[in-house]
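Only one structure is covered here, and it is reproduced in the block below.
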Amino acid sequence: MSPLPLFHRATVSFCLALAPLGVQAAACSAQSPAHGVALIELYTSEGCSSCPPADRWLGELSRRFTAEQAIALSLHVDYWDYIGWKDPFAQARFSERQRWLSQLAASSTIYTPEVFAGMKELRGWNRHDVLEQRIQAINRQPARARISMQMQSSGSTAVDLEARFALADSARIGTAAQGVVIVFEKKLSTEVRAGENRGARLEHDNVVRYWSAPVMLDLQTGRAEWRQTVKLPADWKRGNLGIAALVQDAKAGEVLQAVSMPGCV
C-alpha cells in the first residue's frame, strides 16, 4: 500500500502561511543532532484493557531518555471504538498508519498495544534491555537527514510552525523521502464510562493531536520547506503541547531522522 493516502485529511483546521515566521513574538526552535534519534510509536486505545500499562510505560520514556536519544509518541487508533467506548484521541489515520507499518513488515496483524521503533515493530518493548538496545543502535548511526523547526504563537488560538528538511550526505539523493510535522499533548486524562476500561481514570502523555500531510523532499536536491498556521481547538492545553518532526523513507519504511521540542505558546 502506498503511504500517501494515509495523511490526506487533517483533523484540525489550518491555513497555509507562506511568509517567514515573524520576529515580533517569542519563538522557539530546534535542530536535529548529527546522530540518529529513535522514533518510538505506541499504538493504543482507551477501549483496550491491556493498553493502560503501555500508556504508563510511554509516559516514563521522557524521564529515561533525552530528546536527542528518543522521541516517544502515543497514537490512538479507532478500531476498538465499536466495543462500547469511543476514544476521544483516536484518529482513523493512525489506524491506517499502523496497518501500513505492518504491511511493510509483511505482517497481516495489527493489535494494541503495539510499538514501533524507527518504523520497525519492537516486540518485547516493555523489557528495558530490548528497548535500550534498539535505541542505542539507532543513536549510533549517523543521521541520514537534517531537520530544523520553529514554533511561535499566532494570536490566542493558533501557532505558526515552520520546518526545513534535507537529506544528509549519508542518504542517497533520489530517495523517496517525506517530512512530517506533529503536534502532541502531554498530561491528558479521561474518566472512562463504558467498554473494557469502564470506571478507570486513564492518564496519557505525548498524545499525537496533529499529523501533517507528507512533505515530499525534492528528488534532485533532497530538500523541502514547510510552513503552516495551525489553529488550536479550545480543549488543547497550550502549555502541554510539544512539536516533533521526522523524515521517513516511505518505500523502505525507515525513519531517517526525528526531532522534538516543547511548545512555546
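Sequence positions in the sequence shown follow mature numbering (1 follows the signal peptide of the UniProt record, and there is no 0) and run -25 to -1, 1 to 240. Glycine included, every Cβ here is placed at the ideal spot set by N, Cα and C. If you're wondering where the values come from, they're calculated on a predicted model, not measured in any experiment.
| Check | Outcome |
| --- | --- |
| Supposed close pair residue 250, residue 106 - CB separation, criterion 8 Å | Because the chain spans -25 through 240 in this model, residue 250 falls outside it and cannot be assessed. |
| Whole-Å CB distance - residue 238 paired with residue 216, under 8 Å assumed | 4 Å |
| Terminal residues of the alpha helix (DSSP H) in which residue 34 lies | 27 to 39 |
| Helix, strand or coil at residue 5 according to DSSP, with G and I counted as helix | strand |
| Entirely enclosed alpha helix (DSSP H) segments - the region 69 to 149, minimum 4 residues | 103 to 114 |
| Residue 17 classed as buried or exposed, judged by whether at least 16 other C-beta atoms fall within 10 angstroms | buried |
| Cα-Cα separation, residue 139 to residue 193 | 12 Å |
| Residue(s) in a DSSP beta bridge with residue 237 | 217 |
| Three-state class that DSSP yields for residue 57 in the structure shown | helix |
| Beta strand (DSSP E) segment containing residue 159, residue limits | 152 to 160 |
| First through last residue of the beta strand (DSSP E) which encompasses residue 164 | 163 to 166 |
| Beta-carbon spacing of residue 12, residue 233 below 8 Å | yes |
| The region 169 to 179 in contact with the region 57 to 77 per 3-pair CB rule at 8 Å | yes |
| Between the CA atoms of residue 182 and residue 109 - distance to the nearest angstrom | 22 Å |
| Collapsed DSSP secondary structure at residue 45 in the structure displayed | strand |
| Local Cβ density within 10 Å of residue 83, reported as buried at 16 or more and exposed below that | exposed |
| Local Cβ density within 10 Å of residue 208, reported as buried at 16 or more and exposed below that | exposed |
| 7 Å Cβ shell around residue 56 - same chain, five flanking residues per side excluded | 22, 62, 65 |
| In DSSP terms, what residue 198 is bridged to | 141 |
| Closest Cα partner of residue 180 within the set 39, 47, 40, 43 | 47 |
| Span separating the alpha-carbon of residue 178 from that of residue 163 | 6 Å |
| Helix, strand or coil at residue 67 [DSSP, three-state] | helix |
| Candidates 236, 3, 4, 14: closest to residue 118 by CA position | 14 |
| Per DSSP, the bridge partner or partners of residue 224 | 152, 229 |
| Sequence-distant residues of its chain with Cβ nearer than 7 Å to residue -5 (five each side left out) | Its pLDDT being 38, under 50, residue -5 is placed unreliably in this model, and the value from its coordinates should be taken loosely. These residues qualify, in order along the chain: 2, 125, 127, 135, 137. |
| Residue 27 and residue 175 closer than 8 Å at C-beta | yes |
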